[in-house]
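Line by line, the protein sequences are chains A and B. Residues are numbered in my numbering as their position in the first sequence, beginning at 1, plus a constant of 329. Residues are numbered in my numbering as their position in the second sequence, beginning at 1, plus a constant of 9. Ideal Cβ placement from N, Cα and C applies to all residues, glycine included. Just so you know, these numbers come straight off a predicted model, no measurement behind them. Shown next, in structure tokens, is the structure this report addresses.
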Amino acid sequence: MAKTSGSLTKKHTRISDIILKILIFLSSGIVVALTLGIIIYIIARGLEGMSWNFLSTPAFSYPFENYGVLGNIINTLYLVVITILIATPIGVGAAIYLTEYAKQGKLTRIIEFTTETLAGIPSIIYGLFGSVFFYNIFKVNYSILTGALTLSIMVLPTIIRTTQEAIKTVPMGYREGAIGLGAAKWHTIRTVVLPSCIDGILTSVILSIGRIVGESAALIFTAGIAAEIGINSIGDIFTKVMDQGGSLTVQLYQYAQRGGAEMKYAFSTALVLLVTVLVINICAKLVAYRIRKKRSA
Amino acid sequence: MTNNTVQESVKISTRNVDLYYGENHALKDINLDIKTNKITAFIGPSGCGKSTYLKSLNRMNDLIPDCKITGKFLLDGEDIYAEGVDTSVLRRRIGMVFQKPNPFPMSIYDNIAYGPRVHGIKSKAKLDRIVEESLIGAAVFDEVKDRLHKSALSLSGGQQQRICIARAIAVQPEVILMDEPTSALDPVSTLKIEELMNTLKEKYTVAIVTHNMQQATRISDYTAFFLVGEMVEYAQTEELFSRPKDKRTEDYITGRFG
Numbered sequence: 330m331a332k333t334s335g336s337l338t339k340k341h342t343r344i345s346d347i348i349l350k351i352l353i354f355l356s357s358g359i360v361v362a363l364t365l366g367i368i369i370y371i372i373a374r375g376l377e378g379m380s381w382n383f384l385s386t387p388a389f390s391y392p393f394e395n396y397g398v399l400g401n402i403i404n405t406l407y408l409v410v411i412t413i414l415i416a417t418p419i420g421v422g423a424a425i426y427l428t429e430y431a432k433q434g435k436l437t438r439i440i441e442f443t444t445e446t447l448a449g450i451p452s453i454i455y456g457l458f459g460s461v462f463f464y465n466i467f468k469v470n471y472s473i474l475t476g477a478l479t480l481s482i483m484v485l486p487t488i489i490r491t492t493q494e495a496i497k498t499v500p501m502g503y504r505e506g507a508i509g510l511g512a513a514k515w516h517t518i519r520t521v522v523l524p525s526c527i528d529g530i531l532t533s534v535i536l537s538i539g540r541i542v543g544e545s546a547a548l549i550f551t552a553g554i555a556a557e558i559g560i561n562s563i564g565d566i567f568t569k570v571m572d573q574g575g576s577l578t579v580q581l582y583q584y585a586q587r588g589g590a591e592m593k594y595a596f597s598t599a600l601v602l603l604v605t606v607l608v609i610n611i612c613a614k615l616v617a618y619r620i621r622k623k624r625s626a
Numbered sequence: 010m011t012n013n014t015v016q017e018s019v020k021i022s023t024r025n026v027d028l029y030y031g032e033n034h035a036l037k038d039i040n041l042d043i044k045t046n047k048i049t050a051f052i053g054p055s056g057c058g059k060s061t062y063l064k065s066l067n068r069m070n071d072l073i074p075d076c077k078i079t080g081k082f083l084l085d086g087e088d089i090y091a092e093g094v095d096t097s098v099l100r101r102r103i104g105m106v107f108q109k110p111n112p113f114p115m116s117i118y119d120n121i122a123y124g125p126r127v128h129g130i131k132s133k134a135k136l137d138r139i140v141e142e143s144l145i146g147a148a149v150f151d152e153v154k155d156r157l158h159k160s161a162l163s164l165s166g167g168q169q170q171r172i173c174i175a176r177a178i179a180v181q182p183e184v185i186l187m188d189e190p191t192s193a194l195d196p197v198s199t200l201k202i203e204e205l206m207n208t209l210k211e212k213y214t215v216a217i218v219t220h221n222m223q224q225a226t227r228i229s230d231y232t233a234f235f236l237v238g239e240m241v242e243y244a245q246t247e248e249l250f251s252r253p254k255d256k257r258t259e260d261y262i263t264g265r266f267g
């Protein structure tokens, strides 16, 4: 038999390997337990105050007390839709400019640095700024539009950065192929580059929706705390954007602040938020999956 | 070039071409005529400037910042780099096939129709006809005719490259530039594309960059040998490979370096 330099079957285990393994298992275990724990706790406490009435009526205190979130659900939807409608075109446009047009140099680096800094600013500062800045424009103390504009500024960095990264992953070959056929630059971007990174752009939108739904500090000063539905006619659907409108998170804050018996409604609101975020995430995964499947089919 | 026949006309003529990438002098005083309806091969070791030269013919280097080009480029006597030249028209007349098959992430049909649409063709009937003719012209029609509306990315590498050739001929170019079109393909796919090139030259003028000297001898009529930015030798392919005039060409084709 030939001389071997080590047996293939004999296992060499070191004590440090074992310790490391245990630590890794422990940390992942803590993460899973925490996540599951929070979710289960919210579901359990949230179900206490949950009822059809809670979901289908707005909160009000006169002529009698009513605990509901319908008004806040509608306000949240308004905030999401308006913010996305404002922030997506601006953010995607800025990302296209920065990656495809701007000369890579000092100026683009400054813009990118500013964008990143913007992303790190605490949201309450956006709220403070938005309430003062947009008050000067609209002369309204609180409105859904003010809230949505403030949130737009807040989510712009997310949309710009994510879209930029998505655009950068589009193979150079696609651009060369289109340019080589005589396509102009904007035509190439519109017909080849953007469609190839649409899932990246969608991801940025979904991430932004997540932030919008979860935001509260920036909204208390800007969109206000009103919980009524405020839609009595077709025209109201549009004029509502100039009305005050508290989001789900703001309502949660109010229920929690009053505490006592209303605490369970705070948890019910949290449950609604949790489900909303879950649904958004599932939708995002589905959309991304379908796009990827369509492209390779 | 003793047996140069009279009916051979020049499609693209380049004179005193110098090209710089920033400080890097990538092409040095290139003088070369590409003949109509012939296949001209550019060979040489990596970084010798052959791809750079090819890309300067339809101004793909315009995309690269810090790229400076001097000298004369004439397509049928017209200056390619003159002011006011519409690069869209130029690139329609001088098409390109790239090293890595780069079909767009869309259907086979939309890939082929992309160029014609860029140049303003909207009629469905017209596009249908162009797509079919181009796929036939690129010898890939039979393989894909039942799945024209499937993604081009679902095809094999060799099929993808023929789709790219079909996409290039869909805009009815006069010249097709090919930048190592088979280097990413297996031998069978390579053979198919080489066969295709032989039929392509009946209608088009073809210029091809290749790493593979056997390929150059198999398919090309003329060969130019590039070395560190210089064009060392340019002759009919048979001549260049059997009786190279320059010592450096001889060393390269006999495999002494490169």
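Asked: Any chain B beta carbon closer than 8 Å to residue 349(A); Found: no
Asked: Sub-8 Å separation of residue 386(A) and residue 488(A) beta-carbons; Found: no
Asked: Beta-carbon neighbours of residue 508(A), restricted to chain B and to distances below 8 Å; Found: 69, 72 and 100
Asked: Any chain B beta carbon closer than 8 Å to residue 522(A); Found: no
Asked: Residues from the region 599-614 of chain A in contact with chain B, defined by Cβ distance under 9 Å; Found: none
Asked: Chain A contact for residue 12(B) (CB, 8 Å cutoff); Found: Confidence in residue 12(B) is poor, its pLDDT being 48 and thus under 50, which makes the residue's placement too unreliable to answer from.
Asked: Alpha-carbon spacing of residue 615(A) relative to residue 531(A), whole angstroms; Found: 11 Å
Asked: Proximity test, Cβ basis, 8 Å: residue 176(B) and chain A; Found: yes
Asked: Residue environment, residue 110(B), which counts as buried when at least 16 other CB atoms sit within 10 Å; Found: buried
Asked: Local conformation of residue 159(B) per DSSP, three classes; Found: coil
Asked: Contact residues within the region 112-139 of chain B, judged by C-beta distance below 8 Å to chain A; Found: 112, 113, 114, 115, 123, 124, 127 and 128
Asked: Spatially closest choice to residue 98(B) from 513(A), 575(A), 482(A) and 441(A), by CA coordinates; Found: 513(A)
Asked: For residue 493(A), the nearest candidate out of 504(A), 475(A), 415(A) and 522(A) (CA to CA); Found: 522(A)
Asked: Residue 550(A) to residue 121(B) span [Cα, whole Å]; Found: 55 Å
Asked: Entirely enclosed alpha helix (DSSP H) segments - the region 185-262 of chain B, minimum 4 residues; Found: 196-212, 222-228, 246-251 and 256-262
Asked: Residues near residue 189(B) in its chain [Cβ-Cβ closer than 7 Å; skip 5 each side]; Found: 108, 218, 219 and 220
Asked: Continuous beta strand (DSSP E) assignments of at least 3 residues falling wholly in the region 79-151 of chain B; Found: 103-106
Asked: Proximity winner among 397(A), 380(A) and 609(A), relative to residue 533(A) (alpha-carbon distances); Found: 609(A)
Asked: Segments assigned alpha helix (DSSP H), at least 4 residues, entirely inside the region 470-550 of chain A; Found: 473-497, 501-509, 514-517, 527-543 and 546-549
Asked: Top-ranked residue by Cα proximity to residue 509(A), from 246(B), 179(B), 38(B) and 144(B); Found: 179(B)
Asked: Sheet register partners of residue 33(B) (DSSP bridge); Found: 30(B)
Asked: Backbone secondary structure at residue 622(A) - three-state DSSP; Found: helix
Asked: Length-filtered (4 minimum) alpha helix (DSSP H) runs lying within the region 387-456 of chain A; Found: 399-425 and 435-449
Asked: Boundaries of the alpha helix (DSSP H) in which residue 364(A) is found, first to last residue; Found: 344-378
Asked: Closest by C-alpha distance to residue 216(B), when choosing among 36(B), 39(B), 43(B) and 37(B); Found: 43(B)
Asked: Segment contact, 8 Å Cβ cut-off, at least three pairs: the region 356-371 of chain A with the region 555-574 of chain A; Found: no
Asked: Chain B contacts from the region 419-453 of chain A (Cβ-Cβ distance under 7 Å); Found: none
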